[in-house]
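Enquirer: Dropping a structure here in structure tokens format, bear with me for questions.
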Amino acid sequence: MKTEIVAHRGITHLAPENTLPALHYAWKRNISVEIDVRLTKDKKIVAFHDSHTKRLLGTKWHVNKIPLKTLISRKIVFSDQNISPLAEILKKLPKGPRLFIEIKCGNEIIPLLKECLLDVACNKLNQIAIISFNLNTLAKCIDEEIKTKFYWTGAKVRNPKLVPIDGFLCRYVSEESINIAHEQGYEIYAWTVNSYNEAYRLINLGVNGIVTDRALQIMEFLKKRINLE
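The opening position of the sequence shown corresponds to residue 1057 in the working numbering, with each subsequent residue numbered one higher.
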């Protein structure tokens, strides 16, 4: 089984998190990426992690209180980049690597997310996964018949009850939790893994994927380690 390496918010030491340049640095190496999404005041979906803009724009605006035009008019601090709308990211998603979309706001985003996916990426849905800490959010996405994969994020493998998810993103991953997930037919990804040795250990245990802030470095390390063996 090949372990999938996922760049957490893109290649963030080369470009600001969740921006198209950060994603392109991963995509051109065929590395999957994870982004966060929120709704603006005018119901547009943007790739943005925090509930407000202070950390990235220097000015504190709550994302859901600001229209898209205003939000993208400001450069991200210490860069020449703007916040990226999800529609632009979907248009640029190349064939091959996957896009993990983490919902960071309420369920009001779900019908708009479905609409965006169908309008822009209807032929790329097999490359897209939706993730959330909230199982109810995933259940509502499934009820909306969004045809992607779904992963429940949390500390460890848990019982999803009757929600037909595809797998888990877990902070704490052991050989036991990998075996439990696989025995029940689920995939399991570890996040956020930034240690070379931990990445190597998890791959040997059979984890399906690793979400990391150091995707390029870990890929190179693993190539060298595997070649040596």
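Glycine included, every Cβ here is placed at the ideal spot set by N, Cα and C. A quick note: this is a predicted structure, and the numbers were derived from the prediction, not measured.
For the alpha helix (DSSP H) holding D1092, just list the boundary residues, first then last.
Expert: As a first step, residue 1092 is located in the sequence shown; it is residue number 36 there, counting from the start. D1092 -> not in any alpha helix (DSSP H); beta strand (DSSP E) instead, spanning 1088 to 1095.
Enquirer: Consult DSSP for S1233 and reduce its assignment to one of helix, strand or coil.
Expert: The residue you call residue 1233 lines up with position 177 of the sequence shown. Helix.
Enquirer: Which residue marks the beginning of the beta strand (DSSP E) containing I1259, and which one marks its end?
Expert: What you label residue 1259 is simply residue 203 of the sequence shown in a count that begins at 1. From DSSP, I1259 is part of no beta strand (DSSP E) but of the alpha helix (DSSP H) over 1252 to 1261.
Enquirer: Return helix, strand or coil for I1061, following the three-state DSSP convention.
Expert: The sequence position of residue 1061 within the sequence shown is 5, counting from 1. Residue state, collapsed to three classes: strand.
Enquirer: Given this structure, state the Cα-to-Cα distance separating A1237 from T1268, to the nearest angstrom.
Expert: Here residue 1237 refers to the residue found at position 181 when the sequence shown is read from its first residue. Here residue 1268 refers to the residue found at position 212 when the sequence shown is read from its first residue. C-alpha separation (whole angstroms): 20 Å.
Enquirer: Count Cβ pairs between the segment 1213 to 1225 and the segment 1239 to 1248 that sit closer than 8 Å; are there 3 or more?
Expert: Judged by Cβ distances under 8 Å, the segment 1213 to 1225 makes contact with the segment 1239 to 1248, as three or more pairs qualify.
Enquirer: Could you give the first and the last residue of the continuous beta strand (DSSP E) run that contains L1225?
Expert: Taking the sequence shown and counting its residues from 1, the one referred to as residue 1225 is at position 169. Looking at the DSSP string, the run of the beta strand (DSSP E) that includes L1225 is 1223 to 1226.
Enquirer: Rounded to a whole number of angstroms, what is the C-alpha to C-alpha distance between L1261 and S1230?
Expert: Residue 1261 sits at position 205 when you count from the first residue of the sequence shown. Residue 1230 sits at position 174 when you count from the first residue of the sequence shown. Using only the alpha carbons, I get a separation of about 8 Å.
Enquirer: Could you give the C-beta distance for L1113 and I1132, rounded to a whole number, given that I count them as a contact under 8 Å?
Expert: Locating residue 1113 in the sequence shown gives position 57, counting from the first residue. Locating residue 1132 in the sequence shown gives position 76, counting from the first residue. Indeed, because the Cβ distance is near 6 Å, the residues count as touching under 8 Å.
Enquirer: If you follow the beta strand (DSSP E) that A1246 is in, where does it begin and where does it stop?
Expert: Your numbering for residue 1246 matches position 190 in the sequence shown. A1246 -> beta strand (DSSP E) spans 1243 to 1246.
Enquirer: Tell me whether the beta-carbon of V1093 lies closer than 9 Å to the beta-carbon of L1169.
Expert: By 1-based counting over the sequence shown, the position of residue 1093 is 37. By 1-based counting over the sequence shown, the position of residue 1169 is 113. Taking 9 Å as the Cβ cut-off, V1093 and L1169 qualify as a contacting pair.
Enquirer: Label I1157 either buried or exposed according to how many other C-beta atoms from any shown protein chain fall within 10 Å of its C-beta, with 16 as the threshold for buried.
Expert: Within the sequence shown, the letter at position 101 stands for residue 1157. It counts as buried.
Enquirer: Please look up how many angstroms separate the CB atoms of C1172 and L1142, rounded, as I've assumed it's under 8 Å.
Expert: Mapped onto the sequence shown, residue 1172 falls at position 116. Mapped onto the sequence shown, residue 1142 falls at position 86. The Cβ separation is near 6 Å, so the contact holds.
Enquirer: What ranges does the alpha helix (DSSP H) occupy inside the segment 1163 to 1199, keeping only unbroken runs of at least 4 residues that lie completely in it?
Expert: Within the segment 1163 to 1199, the complete alpha helix (DSSP H) runs of at least 4 residues are 1166 to 1177, 1191 to 1199.
Enquirer: What ranges does the alpha helix (DSSP H) occupy inside the segment 1099 to 1133, keeping only unbroken runs of at least 4 residues that lie completely in it?
Expert: DSSP runs (the alpha helix (DSSP H)) wholly in the segment 1099 to 1133: 1110 to 1113, 1124 to 1127.
Enquirer: Can you tell me which of the three DSSP states L1272 falls into?
Expert: One-based indexing of the sequence shown puts residue 1272 at position 216. Here L1272 sits in helix by DSSP.
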